[in-house]
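Asks: In full-length UniProt numbering, the protein residues as written are 1 to 342.
Note that CB positions come from ideal geometry on N, CA and C, so glycine has one too.
#1: CB residue 104 to CB residue 135, shorter than 9 Å?
#2: Indicate whether residue 183 and residue 214 have their beta-carbon atoms separated by less than 9 Å.
#3: Could you give the uninterrupted runs of the alpha helix (DSSP H) lying entirely in the region 214-272, keeping only those of 4 residues or more?
#4: Among the candidates 254, 58, 148, 137, whose CA atom is the shortest distance from the CA of residue 165?
#5: Excluding the 5 residues preceding and the 5 following residue 46 in the sequence, name in chain order all residues of the same chain whose CB lies nearer than 6 Å to its CB.
#6: Mind checking residue 144: buried by the 16 CB within 10 Å criterion, or exposed?
#7: Determine the burial state of residue 154: buried for a count of at least 16 other Cβ atoms within 10 Å of its Cβ, exposed for fewer.
#8: Anyone know if the C-beta pair for residue 252 and residue 206 falls short of 9 Å?
#9: Quick one, which of 239, 156, 33, 60 has its alpha-carbon nearest residue 129's?
#10: Would you be able to state if there are at least three C-beta pairs under 8 Å between the region 220-239 and the region 187-201?
#11: When we look at the beta-carbon of residue 305 and count the other beta-carbons within 10 Å, is it buried (16 or more) or exposed?
#12: Are residue 171 and residue 109 close, meaning C-beta to C-beta below 9 Å?
#13: Look up residue 146 in the DSSP assignment and give the residues it is bridged to.
#14: If you reduce the DSSP assignment to three classes, tell me which class residue 29 lands in.
#15: Is the distance from the Cβ of residue 146 to the Cβ of residue 42 below 9 Å?
#16: Here's the rule I'm using: 16 or more other beta-carbon atoms within 10 Å means buried, otherwise exposed. How should residue 133 be labelled?
#17: Using only alpha-carbon positions, find the residue among 116, 55, 188 that is nearest to residue 223.
#18: Within the continuous alpha helix (DSSP H) that includes residue 195, where are the two ends?
#19: DSSP on residue 152, reduced to helix/strand/coil?
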């Protein structure tokens with residue numbers, strides 16, 4: 001057994017050299033491991049969201065097939081159609097069919113789309129009540145439509161025990177506090193009063209105005225004043241010539257009509273006068289006589305030569321003659337303009 005005693009130090013030394021040698025494997029940092037695990041959890045969460053959405057689509061399809069299978073068949077057969085008739089009778093069950101609504105759009109955490117996203121989810125719940133019986137099924141369906149920073153929030157929320165078992169009302173309250181836009185009536189009134197038409201058409205501007213006005217508590221007269229205040233001056237000038245509309249909708253309709261008419265007038269092209277090089281030679285002389293208060297003891301003459309066109313096709317000569325006599329206070333000024341076309 002003496003060789004065992006000698007072998008033990010050698011094995012220990014070899015193991016120590018192997019762990020501390022340059023060829024040994026160094027353990028990875030703990031932060032790197034946590035980062036990899038976080039990426040894996042994020043990937044699994046996205047896959048779970050896609051699977052949840054597909055399961056919902058399959059449940060909707062199965063429910064539709066079950067409803068069609070459970071529909072009673074008509075007991076009375078329609079009479080046979082004669083060969084001479086071209087119009088065939090179709091059962092009423094085949095004429096009316098409920099359209100399949102597409103799933104709601106995904107939500108990436110935009111505050112302006114929060115309420116609209118929850119509205120689409122609520123419509124999906126009402127459309128298929130048998131598919132969303134429990135609160136857990138509704139919450140998991142909402143999680144399946146989250147993307148981006150909203151999905152990262154759901155990933156953090158999923159670490160809590162029983163995150164799918166909570167009441168739906170509490171979950172929606174937390175969801176609105178996280179991604180919703182909380183505005184007081186003062187904030188809504190400020191946005192409504194600072195709203196301007198700018199370069200938009202009245203039709204596009206009225207859409208923004210109605211959206212903000214729906215969240216305000218202003219009466220109709222105040223909304224009419226705010227709408228007129230936000231319009232451009234050219235629309236205001238035309239509205240001032242019209243009787244005051246009774247309601248806000250009448251005011252918006254009138255402003256849209258005026259804006260459309262002004263756009264039509266701006267789009268109308270006016271005929272323009274064109275001069276060609278092949279035009280015959282002609283001479284036009286224009287004489288204008290007017291009075292002036294200028295007094296001068298001598299005649300003043302000035303010649304102005306105008307040159308236009310690229311190849312000397314058009315010449316214009318203007319000659320101004322002022323003749324004033326100081327003694328008799330004659331105030332005659334003659335303007336002569338001669339235009340020659342070559």
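Replies: Taking the definition as stated:
#1: By 1-based counting over the chain shown, the position of residue 104 is 104. By 1-based counting over the chain shown, the position of residue 135 is 135. Taking 9 Å as the cut-off, the Cβ atoms of residue 104 and residue 135 do not count as close.
#2: Mapped onto the chain shown, residue 183 falls at position 183. Mapped onto the chain shown, residue 214 falls at position 214. Contact flag unset, no.
#3: 220-230, 233-240, 248-267
#4: Residue 165 sits at position 165 when you count from the first residue of the chain shown. The shortest Cα separation from residue 165 among 254, 58, 148, 137 belongs to 137.
#5: Along the chain shown, read from residue 1 onward, the residue named residue 46 stands at position 46. Taken in chain order, the list of residues that qualify is empty.
#6: In the chain shown, residue 144 corresponds to position 144, counting from 1. Buried, since its Cβ has 16 or more Cβ neighbours within 10 Å.
#7: The residue labelled residue 154 in the question sits at position 154 within the chain shown. Buried: at least 16 other Cβ atoms inside 10 Å.
#8: Along the chain shown, read from residue 1 onward, the residue named residue 252 stands at position 252. Along the chain shown, read from residue 1 onward, the residue named residue 206 stands at position 206. Judged by their CB atoms, residue 252 and residue 206 are nearer to each other than the 9 Å cut-off.
#9: Position 129 of the chain shown, counted from the start, is the residue given in the question as residue 129. In terms of CA proximity to residue 129, 60 leads the group 239, 156, 33, 60.
#10: yes
#11: In the chain shown, the residue the question calls residue 305 occupies position 305. A caution first: residue 305 carries a pLDDT of 40, below 50, which makes its placement in the model too unreliable to give a value.
#12: Locating residue 171 in the chain shown gives position 171, counting from the first residue. Locating residue 109 in the chain shown gives position 109, counting from the first residue. It is not a contact, given that the beta carbons lie outside the stated cut-off.
#13: Residue 146 sits at position 146 when you count from the first residue of the chain shown. For residue 146, which the question treats as bridged, DSSP gives the partners 107.
#14: Position 29 of the chain shown, counted from the first residue, corresponds to residue 29. Of the three classes helix, strand and coil, the one that applies to residue 29 here is coil, per DSSP.
#15: Counting from one through the chain shown, the residue named residue 146 turns up at place 146. Counting from one through the chain shown, the residue named residue 42 turns up at place 42. Against a cut-off of 9 Å, the Cβ pair of residue 42 and residue 146 comes out as no contact.
#16: Working through the chain shown from its first residue, we reach residue 133 at position 133. Residue 133 comes out exposed.
#17: Position 223 of the chain shown, counting from 1, holds the residue named residue 223. The candidate whose alpha carbon is nearest that of residue 223 is 188.
#18: Working through the chain shown from its first residue, we reach residue 195 at position 195. No alpha helix (DSSP H) holds residue 195; DSSP gives it neither H nor E.
#19: Within the chain shown, numbered from 1, the residue matching residue 152 stands at position 152. Under the three-state reduction of DSSP, residue 152 is assigned to helix.
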